[in-house]
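Novice: Below you will find the structure I want to go over with you.
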Amino acid sequence: MKQYHIFLVAICLGFCFVPGCGGRKDLSPLHGTVTFGDQPLECGSITFVCVDTAENGQAPAPPTAVGVKDGKYALDKKYGLLKGKYRVAVNGLEGKPRGDLPLGLNIFPEHRELFDYTGQETYDFKVPALKKPMPKLSDAQIDAASSKVD
């Protein structure tokens with residue numbers, strides 16, 4: 051029985067030295083602005099998905115998403131990026147609740163671009179204005195359309 055306790059203590063101590071405890075130390079912060087047309091994006095999200103990494107065959111960073119408010123976004127070091135290429139997706143939202151959507155409907159189709167992150171602390175994303183605005187739907191129109199889907 052005593053050997054069993056020693057074995058358990060050894061395993062528990064071993065877990066204290068597992069790599070990765072405490073988060074990645076090689077991530078860098080990034081912040082900037084997001085505009086839609088010539089205006090700051092009032093409400094939305096931006097997602098970064100690593101396509102490759104530029105340094106020493108390091109493991110890719112996990113996908114990272116952050117909110118956009120009043121045209122600004124910020125990733126701190128804890129949730130930052132590794133140097134390398136990223137697929138970026140920007141979504142703009144109405145910013146007011148509509149049924150099951152706490153931030154409302156999209157105001158433009160998802161904007162995607164490739165982003166080569168070189169370690170800079172700031173980067174601004176520009177979503178071009180739509181040639182033809184998306185139709186404005188009333189809550190009644192949304193409810194009618196969603197009842198047909200159910």
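The sequence shown begins at 51 in the numbering used here and counts up by one. In this text, a Cβ means the ideal position worked out from N, Cα and C, and glycines have one as well.
Residues bridged to S95 by DSSP?
Specialist: BP columns for S95 point to G117 and N141.
Novice: Can you check which of these residues, L143, R148 and Y173, is closest to N156 by C-alpha distance?
Specialist: The shortest Cα separation from N156 among L143, R148 and Y173 belongs to L143.
Novice: Determine the direct distance from the alpha carbon of A194 to that of K133, and round the result to whole angstroms.
Specialist: Distance between the alpha carbons of K133 and A194 is about 46 Å.
Novice: Is DSSP giving Y136 helix, strand or coil here?
Specialist: Residue state, collapsed to three classes: strand.
Novice: By the three-class DSSP mapping on this structure, what secondary structure does K146 have?
Specialist: The answer is coil: DSSP assigns K146 none of H, G, I, E or B.
Novice: Are R162 and A179 touching if we call contact CB-CB under 8 Å?
Specialist: Going by C-beta atoms, R162 is not nearer than 8 Å to A179.
Novice: Are G130 and P90 close, meaning C-beta to C-beta below 8 Å?
Specialist: Cβ distance not < 8 Å, so G130 and P90 don't count as in contact.
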